[in-house]
Amino acid sequence: MENNNLEKRNLILAIVFSAILLFAVDAMFPSDARNAKVAPQPVVPATANTAPATAPAPAKDATAVATAPVSVESAAEENRRVAINAPSVHGSLRLKGARFDNLMLTKYRETLDENSPHISLLSPVGTAYPFFAEFGWVSTDGLALPNAETPWRTDGAELTAEQPLTLTWDNGAGLRFIRQISVDADYMFTVSDRIENYGAKAVTLFNYGLIGRTNVPESQRGAVLEGMVGYLDGSLKEFAYPKMDKEGQASFKTTGGWAGITDKYWMAVLAFDQSAPNVTVKFSKQDTMAGKHYQADYLMPPTVVEAGQAVQTTNRLFAGAKELRLIDSYEKDMGIKRFDLTVDFGWYYFLTKPFFFILSWFYSILGNMGLAILLFAFLLRLAMYPIANRSFENMAKMKDLQPKIEQLRDKCGDDKMRFNQEMMMLYQRERINPAAGCLPMLIQIPVFFSLYKVLYISLELRQAPFYGWIRDLSAPDPSSVFTLFGLLDWSVPSVIDIGVWPVLMGVTMWLQQLMNPKPADKTQATIIGMMPVMMTFLLGHLASGLVIYWTWSNLLSIAQQYALKLKGKKRKKA
């Protein structure tokens, strides 16, 4: 065996590789709970019309499923809609309940095909995956108030970025509600309610908002949050769907913040009054006749409307794509606390977000995200050059010492203590630190995970092409070396079905290993020797952008080591 320092070095390397392997396996083979796909059932979800559980329930029981036929007038009332036509979204608003339940994202399509459908974010009840948002009022006095059943009226023909929509409803008992809905050029809806009390006494009301989703589609694979998310009481709250399935519900008190339901690239989030204290926010999941129903809702503190007076409240709904610059602008301009945390930056937020902006800047200059990744890797290598150079020099010296180490091994035989002592003396004479080679690897761990996050969650990388056969840097390499790129008509197991870039990555890892000193322990040498093969198949199913980065980074490392080797030979000759 090697001495203690070498054992520590190899142990660190093993931990590093194991962590990367586990991370890759998690990305490739997510839990069944996260990827479970529920068969669509066109039935009304149990909580679709339910106010937050912390508030009194609306008058109509939302869990009831209609069994009797309805009149033509009722059916027409149910389906009355107002069109939404804005630069980034289009769809319609259901007037019954003033529900946002039909929204398409006009800048994004489902596939690379330019004729494929636009991304459908919000969908009405009766579709395979209902997803909607609504705002309403409740009270403790049994008053008739706006909820999911309210038949709002409007004279407006459509909602546009230039023309807000005004809705009205009178409860016939002294309260008139005037709701104005506006949308900007992107994804932010603003909902302002004016409540006029023309009755004889004051009323106390509670404003609520909710986002509901039933039968979640099959999730994206990988380490990214999909489920309930919110910034509440000064901290980020995250509940992935499997966690919500297990816990059932979670409730928080907060002043300011936001809450909603997020996917990898898209989200629907409620941003309530940022100055209101004691806002109750709840995440919940219920098993209903329609399937699993997930809900994020808030309940505002009481609003008192005196007789003959009026009050106004304003809340917001973000329903759209996670465009980070846009999200940052909302945080700055609208004062929405830590709105950037809607993007799942992971543990290394302090690295991931700057990396995102650096890559985006390179992309704006080069016009190709793949080239931006290559430039990023080059500059990162350049920044780490002094540290890596010392590490490579140290490894080169250790490689030169291999004959002397073998002589010591023969000399000491089975006396491990003596061998370790002799090794330490040898390292001291040669001024070598056997653990120094681990430093660049340790530094690269947070860099690797941060870059992985950026490449995985970056909307700019979605469907971004490189050159040749790589048409989507966020997807695995589509080529298949085991079918000769589709020439052979036979089925390849998905675990080994890899493309050209993963193979190139494995080859560069193997070449890099040849330039490093081999571990003296045969078992360790065998394990490390297998790493290029294992990493090829494991990382081969990750985003091609990440594989390209790693391949290019390996080539730069090989070039640096080779240059150092030539420099050392010239020094010896001199």
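Quick note: the sequence shown uses our numbering, first residue 6, plus one each step.
Heads up, the beta-carbon is just placed ideally off N, CA and C, and yes, glycines get one too.
When DSSP labels each residue in this structure, what does S496 get in the three-state scheme? coil
If you compare alpha carbons, which of I124, W142, P169 is closest to L98? P169
Beta-carbon spacing of R114, S121 below 8 Å: yes
Among Q279, P92, K112, A133, which one has its Cα closest to the Cα of D106? Per the C-alpha coordinates, the member of Q279, P92, K112, A133 positioned closest to D106 is A133.
Closest by C-alpha distance to R343, when choosing among G545, K242, I503, P507: K242
Ends of the alpha helix (DSSP H) at I332? 329-339
Would you call the region 245-261 in contact with the region 281-290, where contact means no fewer than 3 C-beta pairs closer than 8 Å? The region 245-261 is in contact with the region 281-290.
Quick one: what's got a C-beta closer than 8 Å to G177's C-beta in the same chain, skipping five residues either side? In chain order, A149 place their CB closer than 8 Å to the CB of G177, counting only its own chain and leaving out the 5 sequence neighbours on each side.
In this structure, what does DSSP give as the bridge partners for Y213? G141, L304
What does H95 pair with, by DSSP beta-bridge criteria? Its beta-bridge partners are N90, M109.
In whole angstroms, what is the alpha-carbon distance linking A80 and M374? Bear in mind that the predicted position of A80 carries a pLDDT of just 45, short of 50, making it too unreliable to give a figure here.
Cut-off 6 Å between Cβ atoms - residues of its own chain near L560, not counting five sequence neighbours on either side: T513
Could you check what DSSP says for T513 in three-state terms: helix, strand or coil? helix
Leaving out five residues on either side along the sequence, give the residues of the same chain with a beta carbon under 8 Å from the beta carbon of V583. Since the first residue of the chain shown is 6 and the last is 579, residue 583 is not available in this structure.
How about S485 and L356: do their beta carbons lie closer than 8 Å? no
Taking Cβ to Cβ, would you say M520 is nearer than 8 Å to W555? no
Measure the Cβ-Cβ separation of D191 and S128 and say whether it is below 8 Å. One thing to note: D191 has its Cβ no nearer than 8 Å to the Cβ of S128.
For the alpha helix (DSSP H) containing M374, name the first residue and the last one. 374-388 is the span of the alpha helix (DSSP H), which, as asked, contains M374.
Buried or exposed: Y321, going by 16 or more other Cβ atoms within 10 Å of its Cβ? The residue you asked about is not Tyr; residue 321 is Arg in the sequence shown. Buried, by the Cβ-count rule.
State yes or no: is the C-beta of T319 within less than 8 Å of the C-beta of D278? yes
R181 - partner residues in DSSP beta bridges: D175, E201
Beta-carbon contacts of I553 that lie in its chain and below 8 Å, excluding the five residues immediately before and after: G375, I378, L379, F471, I475, L478, W506
Measuring straight from C-alpha to C-alpha, what distance separates I448 and A382? 14 Å
Rounded straight-line distance, which links the Cα of V274 to that of L215: When only Cα atoms are considered, L215 and V274 end up about 9 Å apart.
I'd like to confirm something about V221: is its beta-carbon nearer than 7 Å to some heavy atom of the ligand NAP, or not? Among the components modelled here there is no ligand, and therefore nothing to report on the ligand NAP.
According to DSSP, simplified to helix, strand and coil, what is K242? strand
Please go through the region 436-489 and give each complete alpha helix (DSSP H) segment of 4 or more residues, from N-terminal end onward. Along the region 436-489, the alpha helix (DSSP H) occurs as fully enclosed runs of 4 or more residues at 443-462, listed in sequence order.
Taking the alpha-carbon positions, what's the I503 to D482 distance? 7 Å
Can you name the start and end residues of the alpha helix (DSSP H) that E163 belongs to? First-last for E163: 163-165, but that is the beta strand (DSSP E), not the alpha helix (DSSP H).
Taking Cβ to Cβ, would you say V310 is nearer than 8 Å to V196? no
Should Y299 and M233 be called a contact, given that it needs their Cβ atoms to be closer than 8 Å? yes
Take the Cβ of D580 as the centre, count every other Cβ of all protein chains shown within 10 Å, and call the residue buried at 16 or more, exposed below. Residue 580 lies beyond the range of the chain shown here (6 to 579); nothing can be said about it.
Supposed contact pair A324 and A205 - C-beta distance, whole angstroms, cut 8 Å: Their Cβ separation, rounded to whole angstroms, is 40 Å, which puts A205 and A324 out of contact at 8 Å.
Between which two residues does the beta strand (DSSP E) carrying F288 extend? Annotation for F288: the continuous beta strand (DSSP E) segment containing it runs 284-293.
I'd like to confirm the pairing. Which residues does DSSP put opposite R104 in its beta bridges? R99
State the start and end residues of the unbroken alpha helix (DSSP H) segment that holds T357. For T357, the enclosing alpha helix (DSSP H) stretches over residues 354-371.
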